[in-house]
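Below is one structure; the comments refer to it alone.
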Amino acid sequence: MNKDNLHILVTGGTGYIGSHVVVELLDQGHTVEIVDNLINSQIEVLDKIEQITNQRPVFHEVDLLDSSALNQVFDHSHFDLVIHFAGLKAVAESIEQPLKYYDNNITGALNLLQSMQSHDVKQLIFSSSATVYGDQGIEQCVETLPTGIKLTNPYGKTKYMIEEILKDLCVADPEFNIIALRYFNPVGNHVSGLLGENPNGIPNNLMPYIMKVAAGELPELHIFGNDYETPDGTCLRDYIHVVDLARGHLAAIRGLKPGFTAYNLGTGRPTSVLEMVTAFEQVSGQPLSHSFAPRRPGDLPKLYADPSKAERDLNWHAELTIEDAIRDILTFINHK
Ligand code: NAD
Ligand code: WQD
-4 MNKDNLHILV TGGTGYIGSH VVVELLDQGH TVEIVDNLIN SQIEVLDKIE QITNQRPVFH
56 EVDLLDSSAL NQVFDHSHFD LVIHFAGLKA VAESIEQPLK YYDNNITGAL NLLQSMQSHD
116 VKQLIFSSSA TVYGDQGIEQ CVETLPTGIK LTNPYGKTKY MIEEILKDLC VADPEFNIIA
176 LRYFNPVGNH VSGLLGENPN GIPNNLMPYI MKVAAGELPE LHIFGNDYET PDGTCLRDYI
236 HVVDLARGHL AAIRGLKPGF TAYNLGTGRP TSVLEMVTAF EQVSGQPLSH SFAPRRPGDL
296 PKLYADPSKA ERDLNWHAEL TIEDAIRDIL TFINHK
């Protein structure tokens, strides 16, 4: 496969990570079509993508659960490869509504794989998550670790289960080339401030919550736990700039090979919640109201990537810092 000008289907392409990947794909000269049902994104994202790239991807408002509508998208165009972001991702909601998560994420993936196979499209990059490593008491995760150990929520289980489905598919049909990218904690946004993460209501994740406090929409950040066995007592995570993450997908396209392969996409550098708060205050020049609250059930004290396999095989590593991410977030907040 010539990898220079590919026709790529991006599911979930109007979402937070998908939209950043679409920008990078268009900038590299690929042709992009998006499938999204807009359950967690806005159609206006297409205007922002066009403002940044001067190109407007073809958009299909299609739910992956609607297999006949999905098949029509494949009937209409021949894709060289698919990047699959579409899915629900709220951990707490997945505990309350497991069937919704299993249906959307697993059935959605199965429908996509069936459409791909029947249309002879056999290159796939899948958005997986560091959550597949579960709780094995290991802080720096490497791809040789087992997955699926002590997973604490249905959302995480869907990522694990889809990886298992993809492995089985590659055994049964050796023409498939599949990469699962295990994201750590994506943060930040495009340098223009035109794209970004803007959840409705009260966010669950750290950076969207910090953004709402900085924008004056929430009074203060509650830091969940300051008595962990970490240098400052708060949890350590691997925050990766979403543009670095997006570029990891470009590297994965070049690295596709027969069978199933998983790569961590992280920086390899742990950052504590308090360090993130301090960095935000330094870059913004403003204090960020915060207080300590009890631990959040299910949180691991330390989780960060060993990203050396992606460096070795894909020639990719993260280049941007959390300060870059915070600077870009401040631009995004000012654009809103
Ligand atoms: P997002 O919610 O912003 O984007 C997901 C997109 O998928 C949304 O635009 C949504 O409308 C769409 N979608 C959901 N279900 C659909 C369906 N049935 N049919 C069609 N479209 C559907 O989320 P994101 O942060 O951009 O995440 C993208 C992917 O990366 C997800 O699979 C997520 O699980 C995974 N991931 C995200 C993170 C993170 O912290 N953001 C970390 C690890 C993995
Ligand atoms: C980060 C740190 C919190 C909010 C989750 C999913 C994971 C993946 C990424 C998709 C933790 C602390 C947070 C707040 C806080 N998603 N925190 N106050 O939990 O590492 O991972 O998102 O695959 O599956 O579980 O990310 O951003 O929620 O939390 O103190 O208001 O910030 O305790 O230490 P997490 P997060």
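Numbering (our numbering), first residue to last: -4 to 331. For each residue, glycine too, the CB sits at the ideal point set by N, CA and C.
Item	Value
DSSP bridge partner residues for R232 (one or two, in chain order)	T266
Contact check, E276 vs L283, beta carbons under 8 Å	yes
Reference G151; option with closest CA among D301, E134, V137 and G129	G129
Local Cβ density within 10 Å of R332, reported as buried at 16 or more and exposed below that	Missing from the structure shown is residue 332; the chain here goes from -4 to 331 and no further.
Every unbroken beta strand (DSSP E) within the region 285 to 323, with a cutoff of 3 residues, ordered by chain	285 to 288
Contained alpha helix (DSSP H) runs [length at least 4] in the region 23 to 72, N- to C-terminal order	40 to 48 and 62 to 71
Expected contact under 8 Å - CB spacing of D301 and G263 to nearest Å	6 Å
Inter-residue spacing [alpha-carbon to alpha-carbon] between T273 and V237	20 Å
DSSP-derived helix/strand/coil call for F336	Residue coverage of the chain in this structure runs from -4 to 331, which leaves residue 336 outside it and unanswerable.
Cβ shell of F121 (< 6 Å), same chain only, five flanking positions each side left out	H79 and A175
Among G13, T26 and E28, the one whose alpha carbon lies nearest that of S36	G13
Buried versus exposed call for Q118 [16 or more other C-beta atoms within 10 Å across all chains shown]	buried
Assigned exposure category for P265 - 16 Cβ within 10 Å defines buried	buried
Identity of the residue in M202, Y97 and K84 nearest E215 by Cα	M202
Runs of beta strand (DSSP E) lying entirely within the region 197 to 244, each at least 3 residues, in chain order	216 to 219 and 234 to 236
CA-to-CA distance, N(-3) to A241, given in whole angstroms	20 Å
Cβ contact check for the region 131 to 141 and the region 74 to 91: 3 or more pairs under 8 Å	no
Outcome for K252 when other beta-carbon atoms lying within 10 angstroms are tallied against a minimum of 16	exposed
Neighbourhood of E45 by C-beta, 6 Å cutoff - its chain only, sequence neighbours within 5 removed	R51
Residue from K297, G254 and L190 with nearest C-alpha to K43	L190
Distance cut-off 7 Å: Y299 Cβ against heavy atoms of the ligand WQD	no
Contact test: Y178 Cβ vs the ligand NAD heavy atom, cutoff 7 Å	yes
L164 beta carbon less than 8 Å from that of L108	yes
Nearest-angstrom beta carbon gap, Y97 and P149 [assumed within contact, 8 Å]	6 Å
Close-in-space but distant-in-sequence residues of the same chain around V16 (CB under 6 Å, 5 per side omitted)	A241 and H244
K154 versus A85 - alpha carbon distance	13 Å
Three or more C-beta pairs below 8 Å linking the region 324 to 331 and the region 177 to 192	yes
Backbone secondary structure at A257 - three-state DSSP	strand
Closer than 7 Å: F80 CB and nearest the ligand WQD heavy atom	no
Straight-line gap, Q112 to E159 (C-alpha atoms, nearest Å)	17 Å
Exposed unless 16 or more other CB atoms sit within 10 angstroms - verdict on D31	buried
Buried versus exposed, by CB contacts within 10 Å (16 or more), H25	buried
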